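Chemist: Here it is, the structure, as structure tokens.
Protein chains: 2
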Amino acid sequence: MKCAGQIETRAVEESSINLDPIQAAGRLTPEAMKAVIAWGDGYSVCDNCHKPFRLDYVTKPPIADFHTEAAAWLGMDKIQLVPGARRAFQEVTGALVGKGEPVIMTGMGHYTAYLSVEVVNGVVREIKPTPDHHITADATAESIENAIREFGYAPKLVFVDAVDFMYGNMHEVEKIAKVAHQYDIPVLYNGVYTVGVLPVDGKKLGVDFVVGSGHKSMAAPAPSGILATTDEYADIVLRTTKIQGDITGRKFGIKQVGILGCSLMGDPAVGLIASFPRVKERVNHFDEELKNHKIVTDALLSIEGTKVASEYPRKHTLTRMDTAESFDIVAQTHKKRGFFLSSALNKRGITGIMPGVTKQWKFNTYGLTTAQAEYLADSFIEIAEENNMVVG
Amino acid sequence: MKCAGQIETRAVEESSINLDPIQAAGRLTPEAMKAVIAWGDGYSVCDNCHKPFRLDYVTKPPIADFHTEAAAWLGMDKIQLVPGARRAFQEVTGALVGKGEPVIMTGMGHYTAYLSVEVVNGVVREIKPTPDHHITADATAESIENAIREFGYAPKLVFVDAVDFMYGNMHEVEKIAKVAHQYDIPVLYNGVYTVGVLPVDGKKLGVDFVVGSGHKSMAAPAPSGILATTDEYADIVLRTTKIQGDITGRKFGIKQVGILGCSLMGDPAVGLIASFPRVKERVNHFDEELKNHKIVTDALLSIEGTKVASEYPRKHTLTRMDTAESFDIVAQTHKKRGFFLSSALNKRGITGIMPGVTKQWKFNTYGLTTAQAEYLADSFIEIAEENNMVVG
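These protein sequences, in sequence, are chains A and B.
Heads up: the first sequence begins at 1 in full-length UniProt numbering, then just goes up one per residue.
Heads up: the second sequence begins at 1 in full-length UniProt numbering, then just goes up one per residue.
Okay, here's the thing in structure tokens:
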């Protein structure tokens, strides 16, 4: 058995163009990398923690300022740092959903959203995606109506994926929020592919919660993320502790119950904050990301039989390709079978596409330069030509 | 307003002897520091994630092996990586404690333990500490009996602090576990000051859960920790998801509900594993840590009026001093008031003691060399002499 402590160095981001759908927008900025090195010790952020002893009051490093700025940036009233978006989901379900109570979830939701309902013993009722993989306000209304008929009362929460992980499609959040609010149901905007990637304004969207992922889309170390909410729901979801020791009489100040106090310390917190100025800037240039992305999808679409399975034209850099009638046909007779594609890409210094898969596969070009996008486009064409596929 | 992204470099561990009670055993090993640099990107650990797609099955980096080794090391059947000990507490209360149900907690428990009961709407009933700040099996039995009378059934869980954060005292866990088991109540061993610091054998202790903190005592980045349990309780607390989409029929494999899937990625996970060989080794040398600690307490006790508020002789390197009749008397007339002590220490490159406090204060010498302990001892004596205190 290999000894658990023997860790090889990871150099994926240095040695390759990494197309991994979940990794592209999470790779650290140089600023985050420096912060990670300097703040790696876990309780580093507690060096200057004074009364009232809570993470979001720490001014050195500037965690307090970050909370203020990030809330404004998202058009929300309050934010909280959390160890991953899933913790934000759980914090919201924990506060709003009781045993056996229904939650509306899109059929394209992430597993952690489903598990955040399961962990509080809630019940999921899905919104049916359209045949072209979209979640609509109409389907949301139908799902809510069905749940009311089934349970006799309105669901406790609606989860909406701004951009889903399956197709990278963009869903009509604003309309969905309007529908949910007609039933007085709060709306959680799952922005793990949008917050830190493109502009997000929770107020304009009319949502009650905005959840972002640090390691997925904010160039921050894992596990990290943000829960943003309104003053109205902050009182419930970010409520402070009331418990008291029955013998000692001990109380615990203003620690927040839903997240069990200060839950994000050390380099994930400081790294996220260090990347924040650059992240705030980059969301304004998402059009350039889409231009680079188009260079690659155009090349792929020039290979006969290749389709974009996601909505098209693309509104996000995470895309699902359908190559059942192109690369997959090659795979059927290639000596490397389905692995020929990832293998040919790897040879060219390209990684992050699931090895062995040639029917449908996802990739994300977020953060690539135009030169890298062109190299990528050329590589796909070359691989197609090497395998006698028709290009043009 | 200072811009949130402007992060100054932290150099506390490089520039000072750091006595911060919660930081001493968490500072990174060189191995963890290297891992942090190479694995800082959040989803780095997912590069080689294959079916069944769960963190503890990843073999590169050797996360799977770590799970096996760490479970054996703690004398338990199964472990799970968690983003901080509090998440382990919550996972256990979430699985075992219902609304309004009682949990036995020591009156010296950490706030996160209390909040882990509050977050599931449970009720805390405390074990009364002895006047000399110990938790005993007798007091535990009394607390359990009282709870049974009050609620009509046995409490759902007993939390025990192996070493508490208030005094660094060691409590009779083995006897307490025996008592709890007489009532069929499972026992959670809170080992945040022991796991990674001194030998811990959950089987010998007869406990059902062992919780350790990565950033507190395992030389790992935050947030990180371990939940260890038995096969019996793994089925409940580490249960896998059963939820299913009502329209899509989607299921989510073997993801664990209580922790919402893979909850510790990136450098906190890899850093903890990288430190593990050294951590396994260092727990065998805790006697040397105590010897170094004694050099410092001996010096402090030689200053007239100074007492150790913790149990004595010391069994842990986290100690509470009572200097109400020594340093605090100086503080009453010193121009820097209570800050004279931390200020004088800082001048000597010593940090981590709460500034301004001279009545009772805590420090932790874990990880110091003998030379550093001697320097620390000399420094306290010097400060006392500078302030005309009687030493001898």
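Heads up, the beta-carbon is just placed ideally off N, CA and C, and yes, glycines get one too.
Remember, it's a predicted structure, so these values are computed and weren't measured experimentally.
#1: Are the beta-carbon atoms belonging to residue 175/A and residue 96/A less than 8 Å from one another?
#2: Compare the C-alpha of residue 140/A against each of 53/A, 103/A, 122/A, 110/A and name the closest.
#3: Please report the residue range of the beta strand (DSSP E) in which residue 161/B lies.
#4: Only counting the same chain, and skipping five residues up and downstream in sequence, which positions put a Cβ closer than 7 Å to that of residue 223/A?
#5: Just the C-alpha distance for residue 424/B and residue 254/A, rounded to the nearest angstrom, thanks.
#6: State the DSSP-derived secondary structure class of residue 213/B, mapped to helix, strand or coil.
#7: List the residues of chain A that residue 126/B touches, going by C-beta distances under 7 Å, in chain order.
#8: List, from N- to C-terminal side, the alpha helix (DSSP H) runs of 4 residues or more that fit wholly inside the segment 61 to 118 of chain A.
#9: To the nearest angstrom, how far is the alpha carbon of residue 314/A from that of residue 169/A?
#10: Could you name the residues of the same chain whose beta carbon sits closer than 8 Å to that of residue 265/B, not counting the 5 residues immediately before and after it, in chain order?
#11: Could you run through the segment 334 to 346 of chain A and flag, in chain order, every residue whose CB is less than 7 Å away from some CB of chain B?
#12: Once the 5 residues before and after residue 286/A are set aside, which same chain residues still bring their CB inside 7 Å of it?
#13: Is the segment 5 to 12 of chain B close to the segment 309 to 326 of chain A, with three or more CB pairs under 8 Å?
#14: Would you list the one or two residues that DSSP bridges to residue 363/A?
#15: Looking only at its own chain, which residues have a Cβ that is under 8 Å from the Cβ of residue 181/A, when we skip the five neighbours before and after it?
#16: Using a Cβ distance threshold of 8 Å, determine whether the segment 12 to 30 of chain A contacts the segment 348 to 356 of chain A, with at least three qualifying pairs required.
#17: So is residue 80/B in contact with chain A if we call contact Cβ pairs under 8 Å?
#18: Using three-state DSSP, classify residue 188/B as helix, strand or coil.
#19: Just mark residue 87/A as buried or exposed, buried being the case when its beta carbon has 16 or more other beta carbons within 10 Å.
#20: Secondary structure at residue 228/A, three-state DSSP: helix, strand or coil?
#21: Pairing CB atoms from the segment 107 to 115 of chain B with CB atoms from the segment 249 to 263 of chain B, are three or more of them under 8 Å?
#22: Please name the residue, chosen from 177/A, 380/A, 11/A, that lies closest to residue 158/A on a Cα-to-Cα basis.
#23: Taking Cβ positions, are residue 164/B and residue 108/B nearer each other than 8 Å?
#24: Does any CB atom of chain A fall closer than 8 Å to the CB of residue 1/B?
#25: Around the Cβ of residue 1/B, are there at least 16 other Cβ atoms within 10 angstroms (buried) or fewer (exposed)?
#26: For a test of the three-state rule: what should DSSP assign to residue 140/A, helix, strand or coil?
#27: Check this for me: beta carbons of residue 245/A and residue 225/A, under 8 Å apart or not?
#28: Out of curiosity, what's the CA-to-CA distance linking residue 38/A and residue 10/B?
#29: With H, G and I counted as helix, E and B as strand and the rest as coil, what does DSSP make of residue 1/B?
#30: Just by C-beta distance, which residues in the segment 359 to 378 of chain A are closer than 8 Å to chain B?
#31: Just the chain A side, please: which residues come within less than 7 Å of residue 27/B by C-beta, in chain order?
#32: Identify whether residue 149/B lies in helix, strand or coil by the three-state DSSP scheme.
#33: By the criterion of Cβ-Cβ separation under 8 Å, what are the contact partners of residue 115/A in chain B?
#34: Check distances from the C-beta atoms of the segment 86 to 115 of chain A to those of chain D and list, in chain order, the residues that come in under 7 Å.
#35: Per DSSP, which one or two residues make a beta bridge with residue 283/A?
#36: List the endpoints of the continuous alpha helix (DSSP H) containing residue 127/B.
Modeler: According to the data block:
#1: Residue 175/A is not a Cβ neighbour of residue 96/A, given a cutoff of 8 Å.
#2: That would be 103/A, whose Cα lies nearest to the Cα of residue 140/A.
#3: Taken as a continuous stretch (DSSP letters only), the beta strand (DSSP E) holding residue 161/B covers 158 to 161.
#4: 83, 84, 215, 268, listed in sequence order.
#5: Nothing in the structure corresponds to residue 424/B, since chain B is present only between 1 and 392.
#6: Look at residue 213/B here: in three-state DSSP terms it is strand.
#7: Taking the beta carbon of residue 126/B as reference, the chain A residues within 7 Å of it are 245, 246, 247, 248, listed in sequence order.
#8: Within the segment 61 to 118 of chain A, the complete alpha helix (DSSP H) runs of at least 4 residues are 63 to 73, 85 to 96, 111 to 118.
#9: Taking the straight line joining both Cα atoms gives about 8 Å.
#10: Contacts found: 42, 43, 44, 45, 46, 55.
#11: Per Cβ criterion, the list is empty.
#12: Apart from sequence neighbours up to five positions away, the residues of its chain that approach residue 286/A with a beta-carbon distance below 7 Å are 197, 198, ordered along the chain.
#13: Contact check between the segment 5 to 12 of chain B and the segment 309 to 326 of chain A: fewer than three CB pairs, one atom from each, fall below 8 Å, which does not count as touching.
#14: Assignment of beta-bridge partners to residue 363/A by DSSP yields 319/A.
#15: The residues are 187, 206.
#16: The segment 12 to 30 of chain A makes contact with the segment 348 to 356 of chain A, as at least three CB pairs between them are under 8 Å.
#17: Residue 80/B does not count as touching chain A.
#18: Reduced to three states, the DSSP call for residue 188/B is strand.
#19: The residue is buried, with at least 16 neighbouring Cβ atoms inside 10 Å.
#20: Looking at residue 228/A - three-state DSSP - the assignment turns out to be strand.
#21: The answer is no - the segment 249 to 263 of chain B does not touch the segment 107 to 115 of chain B, with fewer than three Cβ pairs under 8 Å.
#22: Nearest option by C-alpha distance: 177/A.
#23: Taking 8 Å as the Cβ cut-off, residue 164/B and residue 108/B qualify as a contacting pair.
#24: Annotation note: pLDDT 43 at residue 1/B (below 50); position unreliable, coordinate value reported separately. Under the Cβ criterion of 8 Å, residue 1/B is counted among the residues facing chain A.
#25: With a pLDDT of 43 at residue 1/B, under the threshold of 50, the predicted position of this residue should be treated as unreliable, though the coordinate-derived value follows. Counting of Cβ neighbours within 10 angstroms places residue 1/B among the exposed residues, the total staying below 16.
#26: The DSSP-derived three-state label of residue 140/A is helix.
#27: Not closer than 8 Å, so no.
#28: Their backbone Cα atoms lie some 5 Å apart in a straight line.
#29: At residue 1/B the pLDDT is 43, less than 50, meaning the model places this residue with poor confidence and gives no usable figure here.
#30: Listed by position along the chain: nothing, the set is empty.
#31: Going along chain A in sequence order, the residues near residue 27/B (Cβ under 7 Å) are 41.
#32: Of the three classes helix, strand and coil, the one that applies to residue 149/B here is helix, per DSSP.
#33: Residues of chain B passing the Cβ test: 241, 243, 252, 255, 257, 260, 261.
#34: The question asks about chain D, but that chain is absent: this structure's protein chains are A and B.
#35: Answer by DSSP bridge pairing: none, since residue 283/A is not bridged.
#36: In this chain, residue 127/B is not harboured by any alpha helix (DSSP H); it is covered by the beta strand (DSSP E) spanning 123 to 127.
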